[in-house]
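Presented below is the structure to which this report refers.
See the structure below:
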């Protein structure tokens with residue numbers, strides 16, 4: 023089961039429908055800064 027996801031700050035991941043789906047499925051989503059290697063671990 024997926025527990026968390028990491029995304030860049032793209033608009034397709036910030037709309038309310040996506041947030042609602044993640045909340046409903048109990049998936050924690052984090053936004054990272056693009057091309058920062060320390061956050062991509």
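Residue numbers (this note's numbering): 23 to 63.
Ideal placement from N, C-alpha and C gives every residue a C-beta, glycine not left out.
Model, not experiment: these values are computed from the prediction.
Next item on the list: Between the Cα of residue 27 and those of 55, 50, 56, spot the shortest distance and give me the residue it belongs to.
Entry: 50
Notebook entry, point to check: Going by beta carbon distance, what residues of the same chain come within less than 6 Å of residue 35, once the five residues before and after it are set aside?
Noted result: 29
Next item on the list: Just the C-alpha distance for residue 52 and residue 23, rounded to the nearest angstrom, thanks.
Entry: 17 Å
Check: Over what stretch of residues does the beta strand (DSSP E) that includes residue 53 continue unbroken?
Finding: 50–53
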